[in-house]
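Student:
There are 2 protein chains.
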Amino acid sequence: MSWKRNNPDPPRGYHHGNLKEELVRAALGLIREKGANGFTFAEAARMAGVSPAAPYRHFRDRDALLADVAARGFEAFALALTKAWDQGRPDAGVAFNRLGAAYLAFAHDEPAYYSAMFEAGLSLDASPELRLAADRAFQVLRHASEALIALLPPEKRPPSLMMALHIWSLSHGVAALFGRADGGRRPLPMSAGELLEAGVLIYLQGLGLGPRGKPAG
Amino acid sequence: MSWKRNNPDPPRGYHHGNLKEELVRAALGLIREKGANGFTFAEAARMAGVSPAAPYRHFRDRDALLADVAARGFEAFALALTKAWDQGRPDAGVAFNRLGAAYLAFAHDEPAYYSAMFEAGLSLDASPELRLAADRAFQVLRHASEALIALLPPEKRPPSLMMALHIWSLSHGVAALFGRADGGRRPLPMSAGELLEAGVLIYLQGLGLGPRGKPAG
DNA sequence: GCCGCCATGTTAGCGCTCGTCACATGAGCT
DNA sequence: AGCTCATGTGACGAGCGCTAACATGGCGGC
């Protein structure tokens, strides 16, 4: 157990000991405050108390740090979605609604992660971990969609991939356009959460899934 | 008629004569190639053949140029949507489908505009024109939604604002996640256009609007 | 217990950008 | 013709990304 720097501020000498983690934390703070593109490598270094060149020992370049943050974001995202889905309990319908709420909650509560994940303009194959983490998050949606679709009579079942993509798109659209507290966007007569919930409800109705996840309302 | 530089390349002296327009064109080219954040003020100046300080005579700063591009984008967008809607002919249903296709076509064919409009992280009140142009584009969707809703029996009519927001969100989500040719995103078994069309269809079905815009399929 | 390796830090520096100055030019009005 | 002011230029300071050469000291081998 090489206990490196669990305690908040051990007097550090020449070697920092935990710089990589600290840089990620600093990046998260900066992205939260100034957006994914306002964030600068140099400032993260300053915030961690090291020279501007130090970060390059841990990340190839600025984008690599961003990609790392994004990958962590997708993992946290996948976790949050999995937890919200909770294996489809008590039934697929309500669990699915929790999923939508969790999506928006994540975008709202973790703007730094969300920024890095979707607004930084990163290609998904900036790193393998990034793509893997993103896929894992999507799989939760995909799985939930399958569970809901299973409630339909076989001849009326849409492709679960398509359904998952629709839900993801609607969620992302709502989050991107109205879900942030940045003030710069359009004021609405309803919250983003209500908007998304209503949208999902109507969509499910369109598939033949009634209000509570039961076929044909 | 102060004919300032309508012809492609009149020998210019000290004064450019049409720098503002040229800068916007240069910006569009750069954004198309390198994304909204790769775009640089200095390079636009270079491209227009002027010194790096010249653009500041026409735009307060880099963001002002971006906002101008975005505003022009929203105007072109509103125009394209209006044209696609074509006053709801031949009927609201097919016209609405054209609207969705036009949305995606715009995102696909004018990536520079779309980038400036949605991915540059601009606040909508960066300039009054920007907000106005954005509102005008949204009004087209709103108007189309109202026309479709009017087909429903009064007691089943959802708020048209909500419906417009749903469509906008779904469209934007599809465009942002899968609609660009940037390659970095996820490969799909269907095109973004088909995905959106199917999604809108299901959504409308959920509202009680059948396949061809007729109530209750 | 000493020594040397090399991961991780430092300083220095290049090339670039944004944005601001004071200054130059010349188009158009009087 | 002469003035004026919008529009262009050149030089500059500050900040950033990234590289190169050098410094430090933690750790394993002897």
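Read top to bottom, the protein sequences are chains A and B. Per my numbering, the very first residue in the first sequence carries number 334; after that it's consecutive. Per my numbering, the very first residue in the second sequence carries number 334; after that it's consecutive. By construction, the Cβ of each residue, glycine as well, lies at the ideal position given by its N, Cα and C atoms.
Would you report the Cα separation of residue 338/B and residue 381/B, rounded to the nearest angstrom?
Tutor: Caution is warranted here: a pLDDT of 37 is assigned to residue 338/B, below 50, making its placement in the model unreliable, and the coordinate value is therefore given only provisionally. Each residue's Cα considered, the two are about 14 Å apart.
Student: What does residue 540/B touch in chain A if you count any residue whose Cβ is under 7 Å from its own?
Tutor: Going along chain A in sequence order, the residues near residue 540/B (Cβ under 7 Å) are 535.
Student: Under 8 Å Cβ-Cβ, which residues of chain B neighbour residue 501/A?
Tutor: By Cβ distance, chain B contributes 506, 510.
Student: Of all Cβ atoms in chain A, is any one closer than 8 Å to the Cβ of residue 528/B?
Tutor: Closer than 8 Å: yes.
Student: Taking 8 Å as the cut-off, decide whether the C-beta atoms of residue 493/A and residue 482/A are in contact.
Tutor: Closer than 8 Å, so yes.
Student: What's the gap between the Cα of residue 470/A and the Cα of residue 510/B?
Tutor: Those two C-alpha atoms are separated by around 14 Å.
Student: Does the CB of residue 531/A have a neighbour CB from chain B at under 8 Å?
Tutor: Yes, its Cβ sits closer than 8 Å to a Cβ of chain B.
Student: Select from 534/B, 407/B, 387/B, 472/B the residue whose C-alpha is nearest the C-alpha of residue 455/B.
Tutor: Answer by Cα proximity: 407/B.
Student: Quick one, are the C-beta atoms of residue 376/B and residue 356/B less than 8 Å apart?
Tutor: The answer is no: Cβ separation not under 8 Å.
Student: Give the DSSP-derived three-state secondary structure of residue 356/A in the structure shown.
Tutor: Here residue 356/A sits in helix by DSSP.
Student: Is residue 450/B close to chain A? Criterion is C-beta to C-beta, closer than 8 Å.
Tutor: Output row for residue 450/B: interface = no.
Student: Return the first residue and the last residue of the alpha helix (DSSP H) that residue 383/B is part of.
Tutor: Residue 383/B -> no alpha helix (DSSP H), and no H or E assigned at all.
Student: Residue 486/A touches chain B at which residues, Cβ-Cβ below 8 Å?
Tutor: By Cβ distance, chain B contributes nothing, its closest Cβ being about 16 Å from residue 486/A, past 8 Å.
Student: I'd like the span of the alpha helix (DSSP H) that includes residue 322/A, first residue to last.
Tutor: A question about residue 322/A goes unanswered here, because the residues of chain A that appear run from 334 up to 550.
Student: Helix, strand or coil: which one does DSSP assign to residue 542/A?
Tutor: The answer is strand: DSSP assigns residue 542/A an E or B state.
Student: Note down, in chain order, all residues in the segment 348–380 of chain B with a beta-carbon under 7 Å from any beta-carbon belonging to chain A.
Tutor: Going along the segment 348–380 of chain B in chain order, one finds 368, 370 with a Cβ nearer than 7 Å to chain A.
Student: If you draw a straight line from the alpha carbon of residue 372/B to that of residue 360/B, how long is it in whole angstroms?
Tutor: For residue 372/B and residue 360/B, the distance between alpha carbons rounds to 7 Å.
Student: Below 8 Å on the Cβ atoms is my guess for residue 410/B versus residue 439/B; work out the distance and round it to an integer in Å.
Tutor: At roughly 6 Å, the Cβ-Cβ gap stays under 8 Å, so residue 410/B and residue 439/B are in contact.
Student: Are the C-beta of residue 444/A and some C-beta of chain B separated by less than 8 Å?
Tutor: No, no contact with chain B.
Student: In terms of alpha-carbon separation, which member of 448/B, 447/B, 457/B, 388/B lies closest to residue 520/A?
Tutor: Minimum Cα distance to residue 520/A is reached at 457/B.
Student: Using CA atoms only, rank isn't needed, just tell me which of 367/B, 369/B, 398/B is closest to residue 354/B.
Tutor: With distances taken between Cα atoms, residue 354/B lies closest to 398/B.
Student: Along chain B, which residues have their Cβ under 7 Å away from the Cβ of residue 385/A?
Tutor: Those do not exist, as residue 385/A stays about 21 Å from chain B at its closest Cβ, beyond 7 Å.
Student: I want to see whether chain A comes within less than 8 Å of residue 393/B, judged by CB atoms only; does it?
Tutor: So no, residue 393/B is outside the interface.
Student: With 16 as the cutoff for other CB atoms within 10 Å, does residue 539/B come out buried or exposed?
Tutor: So residue 539/B ends up on the buried side.
Student: Looking at the structure shown, is residue 502/B part of a helix, part of a strand, or coil, going by DSSP?
Tutor: Residue state, collapsed to three classes: helix.
Student: Which of the three DSSP states is assigned to residue 485/B in this structure?
Tutor: DSSP places residue 485/B in coil when its eight states are reduced to three.
Student: Where does residue 461/B fall in DSSP's three states?
Tutor: Residue 461/B falls in the helix class under three-state DSSP.
Student: Is the beta carbon of residue 433/A less than 8 Å from the beta carbon of residue 529/A?
Tutor: Contact flag set, yes.
Student: Could you please give the first and the last residue of the uninterrupted alpha helix (DSSP H) stretch that includes residue 373/A?
Tutor: First-last for residue 373/A: undefined, no H or E at that position.
Student: Please list, in chain order, the chain A residues whose beta carbon lies closer than 9 Å to that of residue 522/B.
Tutor: Those are 492, 494, 495, listed as they occur along chain A.
Student: Which ranges would you report for the alpha helix (DSSP H) in the segment 413–485 of chain A if only whole runs of at least 4 residues count?
Tutor: List check, alpha helix (DSSP H) in window: 425–442, 444–447, 461–482.
Student: When burial is assigned at 16 or more other CB atoms within 10 Å of the CB, is residue 480/B buried or exposed?
Tutor: The residue is buried, with at least 16 neighbouring Cβ atoms inside 10 Å.
Student: Determine, using beta carbons only, whether residue 498/B comes closer than 8 Å to chain A.
Tutor: Residue 498/B counts as touching chain A.
Student: Going by C-alpha to C-alpha distance, which of 366/A, 367/A, 387/A, 368/A sits closest to residue 348/A?
Tutor: The candidate whose alpha carbon is nearest that of residue 348/A is 387/A.
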